[in-house]
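Protein chains in written order, with the numbering used here: chain A, 1 to 338; chain B, 339 to 676; chain C, 677 to 1014; chain D, 1015 to 1352.
For each residue, glycine too, the CB sits at the ideal point set by N, CA and C.
Quick caveat, the model's predicted, so the values are computed rather than measured.
Below is one structure, written out as structure tokens; the observations come after it.
Protein chains: 4
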Amino acid sequence: MKIWQVAQEWSIGGMRLNEAEQPTAGVGQVVVRMQAASLNYRDLLTVKGTGGKFDLPLIPFSDGAGEIVALGEGVSRVSIGDRVCPMFFPGWLDGRPTASNRRLALGGTHPGVLQEFLLVDAEAVSLIPAHLDVREASTLPCAALTAWRALYEEAKIRPGDTVLVQGTGGVSLFALQMAKLAGAGVIVTSSSDDKLERAKELGADHTINYIATPEWGKAAAKWAGTGVDHIIEVGGKETFQQSIEAAGVDGNILVIGMLSGFDQRIFIPSLYSKNLHVIGLSVGNRRMFERMSAAVGRNRLKPVIDRTFSFDEVPDALDLMERGQHFGKIIVEFPKPT
Amino acid sequence: MKIWQVAQEWSIGGMRLNEAEQPTAGVGQVVVRMQAASLNYRDLLTVKGTGGKFDLPLIPFSDGAGEIVALGEGVSRVSIGDRVCPMFFPGWLDGRPTASNRRLALGGTHPGVLQEFLLVDAEAVSLIPAHLDVREASTLPCAALTAWRALYEEAKIRPGDTVLVQGTGGVSLFALQMAKLAGAGVIVTSSSDDKLERAKELGADHTINYIATPEWGKAAAKWAGTGVDHIIEVGGKETFQQSIEAAGVDGNILVIGMLSGFDQRIFIPSLYSKNLHVIGLSVGNRRMFERMSAAVGRNRLKPVIDRTFSFDEVPDALDLMERGQHFGKIIVEFPKPT
Amino acid sequence: MKIWQVAQEWSIGGMRLNEAEQPTAGVGQVVVRMQAASLNYRDLLTVKGTGGKFDLPLIPFSDGAGEIVALGEGVSRVSIGDRVCPMFFPGWLDGRPTASNRRLALGGTHPGVLQEFLLVDAEAVSLIPAHLDVREASTLPCAALTAWRALYEEAKIRPGDTVLVQGTGGVSLFALQMAKLAGAGVIVTSSSDDKLERAKELGADHTINYIATPEWGKAAAKWAGTGVDHIIEVGGKETFQQSIEAAGVDGNILVIGMLSGFDQRIFIPSLYSKNLHVIGLSVGNRRMFERMSAAVGRNRLKPVIDRTFSFDEVPDALDLMERGQHFGKIIVEFPKPT
Amino acid sequence: MKIWQVAQEWSIGGMRLNEAEQPTAGVGQVVVRMQAASLNYRDLLTVKGTGGKFDLPLIPFSDGAGEIVALGEGVSRVSIGDRVCPMFFPGWLDGRPTASNRRLALGGTHPGVLQEFLLVDAEAVSLIPAHLDVREASTLPCAALTAWRALYEEAKIRPGDTVLVQGTGGVSLFALQMAKLAGAGVIVTSSSDDKLERAKELGADHTINYIATPEWGKAAAKWAGTGVDHIIEVGGKETFQQSIEAAGVDGNILVIGMLSGFDQRIFIPSLYSKNLHVIGLSVGNRRMFERMSAAVGRNRLKPVIDRTFSFDEVPDALDLMERGQHFGKIIVEFPKPT
């Protein structure tokens, strides 16, 4: 089978399309024939060697969707032909995060999805909502689940709450769409009026161009009335202090870490005088994925897709991610079986 | 001013339209010129003397809406002309319920809203969502708040959850509408196919006629997949055991007590084998009302109104409630000021 | 190896001490050499055939402790020589209960601990607190964990709260001891003044003999001030209504189901007028066990043991359980390896 | 009556002991004859003009205890002779914090307790636990309540959890004592071995001298096993990064803001890679105070007092606070009535 690897150097150019032996399902394992993958900013960082320390060669990418083609001994929770997503953290099935249940992550400490046949624990896959095709479903494991967890597992938003979403990256667009599922009022920030216009089409109630309004925190607080209830902080430079300005008393700032590793100054008194909750998180567990799937399925939520590349074009997909001009997810389609 | 009282005997026929002196706002109080009231089943029980022990004469009804016309000394949180609802429990402003914060209830232990000018603590009113007229707003304090509290303050429902609503009474219709605000899947039961049809128009995803399907618990569990997540139990006869059948493992049964005082047999092992949560509740506090108003306002939710009576026709309104053939709230409009 | 089985008929007398082949650890499994087991009332019901429908022969008992003697392929979370308890629900490692994670239970739908060498998934064991010997540790998986979950995972008690514990059975004594860990005020009920005296020695702040005071609910509410905060309801006959009387507004009634399957009448209005939470539960998951172990270990809590039987005397141990005169856990010690 | 005011300049030397007219209780108010007050670091900042912007003259200090000597019209929740503490936030009785319920604070936006007769809303006082004298009780409203809220209302600690307490200031000592109420394992840091020794006498399980061990975060994480569960962050310089090091995955860092207003650098990725919760808070509401009082009373917790000054010596008490060599609360006793 074909696999993509970061082979000998950490760069997009260092990626190689190699051959590997097709895996066999051991006790409690399944083989998934991958049909689509989607990119996250974290994958770009991994390929460039700045997203963590791993050994070469490495099969990157965490997010994908495919079909079960083989079951190991003792496997009964899925069947041949089931359409599934492999879970980002294959060892984190339920409950709160721990050091051990988050140790393995696809496309990092565990081989990623850029392989035609993926071997994973049978426990580490989850069924795809029926109304989504595999390209759409491939966007769910990391970006969508991070947004879901932030809003519904950590902040526990309710109808009528206000939510601020920074930018229009993968997590942010899902957070916008998912916050609208619960009838929240959503503010989106961006440097691009065009992207803000598209955010409105997806349901944004209010938009702020942060170039035109650098003090967007105060502007957001004012629109929300007595400050914003929940802020999706994606960790851009100098955004944190604006988030604190935007937040209302007892508000939540959900720190989603995928964009980059900024070292920010935080004025501590604002944390306690406003009684803020700053909650760091990344991705979620299988149970959260199941709840998210139920919500996505029941409300027929459609992920926003920017462009689809063929399996051969993975480096082009990474180039597009690096240029940062996309709106919605970047997809890679696997070759159809012959 | 004019007021309605249960005068000398506990019955609809015992109600009298009397004159009373218009109140003056003391320190920390306001006077609200009432413009509309709405009926709850509890009001019928109170008038008939079966809803609690009170002294005669009693001014009944808890739910209404009107306009602030006088402010007592030291009042700054509302202004003359503000459109407000008086709170069901004027002493319960925030936090969990206690014996003391629930001691006073409008139309029971505190004079009710069937008076042209209502004297209440300034803390005990809340602003009306802008898109509602006073007739619509008059439905919020008891029925709507009970539904809101059940779903969002106690059960904390999320998009994709399943909710079962028993019947089409006031709380049940609000629960249906509010559960849809969060993208839940909603089942409604009724003995009337016509009412089920109207529930579907309001968003119900699935309906069950409990005459045709007496074992509706199992049917609901099956539709939901692995049992229903949240059940609005309004306390009809023999419903509780069906609710237990309907519920999934770790499910919530929210016992809303307004319909009647049934003594039911409960098979205890089903509570623990399914790990169920049976949560009793009635109405809520001002803070919950504010959160509900934000949700109702942002999503422009419209209460369902069956019929509006004039102030003179209060006994007719109670008769309609007693016959039980209505669908949606029964409203009383106050005389316009001359 | 030796095993105890309910062989051909459901009764204490139907138990047989048989020989079986010593198990080998498969992929992801371990073998535990059992050193002690403890009895729960549920085990008596199982042996007598009234605790569920199972096929004969069945190896009963869920609670035990022992030492890891063999590791299957790929096992790294435990080591040879580790002192462990097997988990009551081997498939429920973390998170909220579901139908699937509670499907397998030791001594019921999964072979129990009355075998010299127990084969279980490596994920389904947990380390024993260092200060406990194996006899003491053998009491933790079911009774202690049920009490812990009720108090700290469901009711989330705090110092200063009041807790009522019904009787002096296994779960109740653990609930008493564990509630004292958090500085709660604890009431214990019993029909025996002698047992109440011993409960006081274990820390009970107040005791009620329910023969002398059949209306113990009101008495408990009065002692607590404004009603009891949390009630451990073990499901004896006619206890539920007294629990409702005892509970304060917003109180929790934790329905622990092991004693028996009573069908009780519940007066529904008391549920909603007091805003009670009735929470059914049985046992818990591995993560809860780990948290409990940390609490037991740090505070050097010692389980109360009534009497220890040898492995040959299992039927005598069941007889003692049936007579119901014990105070504290009944233990079975396994033969020492030769 | 006598009162202390910051009169014409913001400094300890600018404080004046003045005469004022004794207040009369209006509708819904009470007069408390103050018997003791206690100091918080925030009071020193206020007196020096660095704790917020207020108008001169200002009566400082938030914490005190005394006896009800007069009831205004309509007051029934307290009686003449009741021993009470006035609440830090007189407008925050229950529920989550909001901008409005935290607007008034004693010794800041509301006149403080350094007056022989204090006029407050009857709702804004709470009874004192019976085992405490007024000097001890005077320490509860700010420091003790902040510690209680951090541990039991926000972090919701359980027996067996680990808690790290920075230093031995007022909040920190209460946090140490209160965490021990729930059987937690407590680490205390300080620059003084002598103070660490005294912390051990109060129950600390482990101590770290942060001069000797500047990388105390790692040391604390190691002692706790897999990182500390809950950290009381009092906001000293450069402490925040150490707190992040100390915390385990899914840990809580409770930012208590009273010491000073530091501007700290925070490395954002550590927030999300560890899934930390940073929770800002200051003081709490009356309901939390009541729960704390129940816990303090039931467990006969005794506040640690360093030294008691007479009412004339308030500036000396502030000098002692400024030197920072005390261990435990600094108290001011009011003159006995003649």
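Check whether residue i and residue j have beta carbons under 8 Å apart
| i | j | result |
| --- | --- | --- |
| T915/C | E921/C | no |
| V904/C | A895/C | no |
| V368/B | V463/B | yes |
| R709/C | P1013/C | yes |
| V283/A | L145/A | yes |
| E1168/D | I1293/D | yes |
| M1029/D | P1329/D | yes |
| E671/B | A374/B | yes |
| M516/B | W561/B | no |
| L957/C | A826/C | yes |
| V451/B | L444/B | yes |
| C1099/D | P1155/D | yes |
| D982/C | H1002/C | yes |
| S192/A | Y210/A | no |
Presumed contact (8 Å Cβ cut-off) between residue i and residue j, rounded CB distance
| i | j | result |
| --- | --- | --- |
| L1195/D | V1179/D | Rounded, the Cβ-Cβ distance is 14 Å, inconsistent with contact. |
| G446/B | T384/B | 6 Å |
| A460/B | V413/B | 4 Å |
| T902/C | I884/C | The pair is not a contact, with the Cβ atoms about 18 Å apart (cut-off 8 Å). |
| N40/A | G203/A | Contact doesn't hold; Cβ gap of about 22 Å is too wide. |
| G1109/D | G366/B | Their Cβ separation, rounded to whole angstroms, is 19 Å, which puts G1109/D and G366/B out of contact at 8 Å. |
| V255/A | I1282/D | 6 Å |
| M659/B | L382/B | 5 Å |
Pairwise C-alpha distance: residue j and residue i
| i | j | result |
| --- | --- | --- |
| S1093/D | E347/B | 38 Å |
| A1039/D | L1132/D | 10 Å |
| P1104/D | G248/A | 21 Å |
| G589/B | P773/C | 10 Å |
| G339/A | E73/A | With chain A represented from 1 up to 338, any question about residue 339/A goes unanswered, as that position is not in the structure. |
| R323/A | A317/A | 10 Å |
| E812/C | L734/C | 25 Å |
| V796/C | Q681/C | 18 Å |
| D55/A | K274/A | 44 Å |
| I1280/D | G235/A | 12 Å |
| R83/A | M288/A | 18 Å |
| I466/B | A888/C | 55 Å |
| D471/B | E628/B | 17 Å |
| R440/B | P398/B | 17 Å |
| K1170/D | H882/C | 26 Å |
| Q602/B | K640/B | 35 Å |
Residues near residue i by beta carbon distance below 6 Å, same chain, minus five either side
| i | result |
| --- | --- |
| S38/A | D63, S138, T139, K329 and I331 |
| H1145/D | R1314 |
Sequence-distant residues of the same chain with beta carbon closer than 8 Å to residue i, five excluded per side
| i | result |
| --- | --- |
| R286/A | M87, W92, L93, D94, E123, A124 and S126 |
| S1025/D | V1061, K1062 and G1063 |
| A345/B | G352, M353, R354, N356, L394 and P395 |
Contacts around residue i, its chain only, beta-carbon distance under 7 Å, and the 5 residues preceding and following it disregarded
| i | result |
| --- | --- |
| S243/A | G217, I231, E233 and I253 |
- Message: Counting beta carbon pairs with one atom in the segment 154 to 170 of chain A and one in the segment 627 to 635 of chain B, are three or more of them shorter than 8 Å?
- Response: Between the segment 627 to 635 of chain B and the segment 154 to 170 of chain A there are three or more inter-stretch CB-CB distances shorter than 8 Å, so the stretches are counted as touching.
- Query: Is it true that the segment 872 to 891 of chain C meets the segment 1211 to 1231 of chain D, where meeting means three or more beta-carbon pairs spaced less than 8 Å apart?
  - Reply: Segments in contact, no.
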